[in-house]
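Q: Quick note on our numbering: the sequence shown kicks off at 123 and runs consecutively. Beta carbons are placed, not taken as given, at the ideal position from N, Cα and C, and that holds for glycine. The structure displayed is predicted, hence computed values, not measured ones. After the structure tokens below, expect a handful of questions from me.
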Amino acid sequence: MFETVTQFFAVYGWIAAMGIAVSTACALLGCFLVVRRMSLLGDAISHAVLPGLALAFLFSGSRAVFPMVLGAIASGMLTSFLIEFVSRRGPIKKDAAIGIIFTTLFAIGVILVSLFADRVDLDQECVLYGEITFIPLEPHFFLGGFDLGPTPFVLMVGVVLIILLTLFLFYKEFLITSFDPAMAVSLGVPVVFIHYLLMGLVSTTVVAAFESVGAILVVTLLIAPAATASLLTHRMPRMLVLAVLQGVISTLIGLPLAVWLDASVAGCIAVVGFFLFILAFLFSPSQGIFVKAWLLKRAT
């Protein structure tokens, strides 16, 4: 199929690079979502940004990065605000509020896309499932005459750098608001600002990953690596590193698996991530079910 090794890596190298970039961004943010017990909120935002994308395209008339990201962030912030408002001001619990708000906003987005299909260059299946194998075919981004790679990959790398810079600047604030919000308030930490900063980063990551993995699989990449890492360590720095490592391993195993099965690359990456989670769930040195059973049997 491929005449040279160079041709092979020119195709699958960019796919693997994109998968690693998406997994890295999702894993870093997912750790804080898991610790805050907000995993479902990542699911909500990944679906609820659709109306923001549709409206951004209608008003701007293009799929340029800036208006699309602004639309996604606005929609993600609205989702987070409505969920917090409904769950705190009424008798509805947060899980029910998440289910109501994100399905409603997602439905509004689907309606907008279907009503203005002739003007909105968005497709529901593209948003939901994505197609990472199209990455090598995307136009390349040039800076100073240097080819930096496909534009979606460059955008995703930019998002990863923004996340790393944000964590570098606000790591202590993210840490204390995740583990002890009450203490954070008493210390004067801007809890609300940090919360919406995290939601803004999640929204930006989701819209940047749409064309590669889609909204549904973004949820898996947000939660599975972080959940796996949480079973292996209780320290946040190690958790961040292990989550990113799990995402990279999932990509490097899922890609050849998809080629062998002739199946969805993004789907195989997500499935590999799930099996890694199961391994940690069963054999984690500190929390694995089998390890706990063996220690209990040995003690008795």
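(1) So the candidates are A196, A346 and V156; which of them puts its Cα closest to the Cα of V394?
(2) Would the beta-carbon of T350 fall within 8 Å of that of A392?
(3) My assumption, with CB atoms under 8 Å, is that V324 sits in contact with L151. Please give the rounded CB distance.
(4) Please work out which residues of its chain come closer than 7 Å, Cβ to Cβ, to M321, disregarding the five sequence neighbours upstream and downstream, and give them in chain order.
(5) Would you give the residue range spanned by the beta strand (DSSP E) that D269 belongs to?
(6) What number of angstroms, rounded off, separates the C-alpha of V314 from the C-alpha of F290?
(7) Return the chain-ordered list of same chain residues with a C-beta closer than 8 Å to the C-beta of L309, the five sequence neighbours on each side being excluded.
(8) Tell me which residue opens and which closes the alpha helix (DSSP H) that L374 is part of.
(9) Ignore the nearest five residues each way along the sequence and tell me which others in V281's own chain have a CB closer than 7 Å to its CB.
(10) Taking the continuous alpha helix (DSSP H) assigned at L177, which residues delimit it?
(11) What does F264 pair with, by DSSP beta-bridge criteria?
(12) Let me make sure I understand the geometry here. Which of L339, W382, L353 and R360 has the alpha-carbon closest to that of F399?
(13) Quick one: measure Cβ to Cβ for L364 and G164, integer angstroms, because I've assumed they're closer than 8 Å.
(14) Return helix, strand or coil for K419, following the three-state DSSP convention.
(15) Of the choices P272, M361 and F268, whose alpha-carbon is the least far from that of A139?
(16) Taking the alpha helix (DSSP H) that G221 falls in, what are its first and last residues?
(17) Counting only the same chain and skipping the five closest in sequence on each side, list residues whose C-beta sits under 8 Å from that of I371.
(18) To which residues of the same chain is V413 closer than 7 Å at the C-beta, ignoring the five residues directly before and after it?
(19) Go ahead and label M305 buried or exposed: buried means 16 or more other beta carbons lie within 10 angstroms of its beta carbon, across all protein chains shown.
(20) Quick one: grab the DSSP three-state call for T342.
(21) Determine the DSSP secondary structure at T436, reduced to helix, strand or coil.
(22) Rank L162, T355 and L277 by C-alpha distance to the C-alpha of K215 and give the top, closest one.
(23) Pick helix, strand or coil for G336, following the three-state DSSP scheme.
(24) In terms of alpha-carbon separation, which member of A149, A380 and V157 lies closest to H356?
(25) By the 10 Å Cβ neighbour count, where 16 or more other Cβ atoms means buried, how is S386 classified, buried or exposed?
(26) Select from I233, F256 and I220 the residue whose C-alpha is nearest the C-alpha of F332.
(27) Just to confirm the assignment, what range does the alpha helix (DSSP H) spanning P303 have?
(28) Just the Cα atoms here: how many angstroms apart are I230 and P173?
(29) Apart from the five residues on each side of it in sequence, which residues of its chain come closer than 6 Å, Cβ to Cβ, to G376?
A: So, to answer that:
(1) Translated into positions along the sequence shown, residue 394 becomes position 272. The candidate whose alpha carbon is nearest that of V394 is A346.
(2) Working through the sequence shown from its first residue, we reach residue 350 at position 228. Working through the sequence shown from its first residue, we reach residue 392 at position 270. In this structure, T350 keeps its C-beta atom at 8 Å or more from the C-beta atom of A392.
(3) Numbered from its first residue, the sequence shown carries residue 324 at position 202. Numbered from its first residue, the sequence shown carries residue 151 at position 29. Yes, V324 and L151 are in contact; Cβ-Cβ is about 6 Å, under 8 Å.
(4) Working through the sequence shown from its first residue, we reach residue 321 at position 199. Here M321 has I167, G198, M199 and S202 as same chain residues with Cβ atoms under 7 Å from its own Cβ, once five neighbours each way along the sequence are excluded.
(5) Mapped onto the sequence shown, residue 269 falls at position 147. From DSSP, the beta strand (DSSP E) with D269 extends over F268 to P272.
(6) As a working note, residue 314 is residue 192 in the sequence shown. As a working note, residue 290 is residue 168 in the sequence shown. So the alpha carbons of these two residues sit roughly 19 Å apart.
(7) In the sequence shown, counting from the first residue as 1, residue 309 sits at position 187. Excluding residues within five positions, the ones whose Cβ falls inside 8 Å are I298.
(8) Taking the first residue of the sequence shown as position 1, residue 374 is located at position 252. Boundaries of the alpha helix (DSSP H) around L374: M358 to L383.
(9) Sequence index remark: in the sequence shown, residue 281 carries index 159 (1-based). Excluding residues up to 5 positions away in sequence, A147, T326, T327 and A330 lie with their Cβ nearer than 7 Å to the Cβ of V281 in the same chain.
(10) In the sequence shown, the residue the question calls residue 177 occupies position 55. Taken as a continuous stretch (DSSP letters only), the alpha helix (DSSP H) holding L177 covers S161 to S182.
(11) Taking the sequence shown and counting its residues from 1, one reaches residue 264 at position 142. Under the DSSP definition of a beta bridge, F264 partners with D269.
(12) Reading the sequence shown from its first residue, position 277 is the one you call residue 399. When only C-alpha atoms are compared, the closest one is L353.
(13) Taking the first residue of the sequence shown as position 1, residue 364 is located at position 242. Taking the first residue of the sequence shown as position 1, residue 164 is located at position 42. Rounded, the Cβ-Cβ distance is 18 Å, inconsistent with contact.
(14) As a position in the sequence shown, residue 419 is number 297, starting the count at 1. For K419, the three-state secondary structure derived from DSSP is helix.
(15) Residue numbering aside, residue 139 sits at position 17 when the sequence shown is read from its first letter. If we check each option's Cα against that of A139, P272 comes out closest.
(16) Numbered from 1 along the sequence shown, position 99 holds the residue referred to as residue 221. Per DSSP, G221 belongs to the alpha helix (DSSP H) from K216 to L237.
(17) Here the question's residue 371 lines up with position 249 in the sequence shown. For I371, where only same-chain residues beyond five positions count, the Cβ hits under 8 Å are V394 and L398.
(18) In the sequence shown, the residue the question calls residue 413 occupies position 291. Apart from the 5 residues on each side of it in sequence, V413 sits with its Cβ closer than 7 Å to the Cβ of F405, S406 and P407 in its chain, given in chain order.
(19) For this step, residue 305 is matched to residue 183 along the sequence shown. Exposed: under 16 other Cβ atoms inside 10 Å.
(20) Counted from its first residue, the sequence shown places residue 342 at position 220. T342: helix per DSSP, three-state reduction.
(21) Summary: the structure shown does not reach residue 436, with the chain confined to residues 123 through 422, and so no result is reported for it.
(22) Against the sequence shown, residue 215 aligns to sequence position 93. Out of L162, T355 and L277, the CA that lies nearest to the CA of K215 is found in L162.
(23) Numbered from its first residue, the sequence shown carries residue 336 at position 214. G336: helix per DSSP, three-state reduction.
(24) Mapped onto the sequence shown, residue 356 falls at position 234. Restricting attention to A149, A380 and V157, the CA atom closest to the CA of H356 is found in V157.
(25) Taking the first residue of the sequence shown as 1, we reach residue 386 at position 264. The residue is buried, with at least 16 neighbouring Cβ atoms inside 10 Å.
(26) Along the sequence shown, read from residue 1 onward, the residue named residue 332 stands at position 210. Ranking the options by Cα distance to F332, first place goes to F256.
(27) The residue you call residue 303 lines up with position 181 of the sequence shown. Per DSSP, the continuous alpha helix (DSSP H) segment holding P303 begins and ends at P303 to S308.
(28) Translated into the one-based positions of the sequence shown, residue 230 becomes position 108. Translated into the one-based positions of the sequence shown, residue 173 becomes position 51. Going from the Cα of I230 to the Cα of P173 covers about 6 Å.
(29) Start at 1 with the first residue of the sequence shown, and residue 376 comes out as number 254. Contacts found: C390, I391 and V394.
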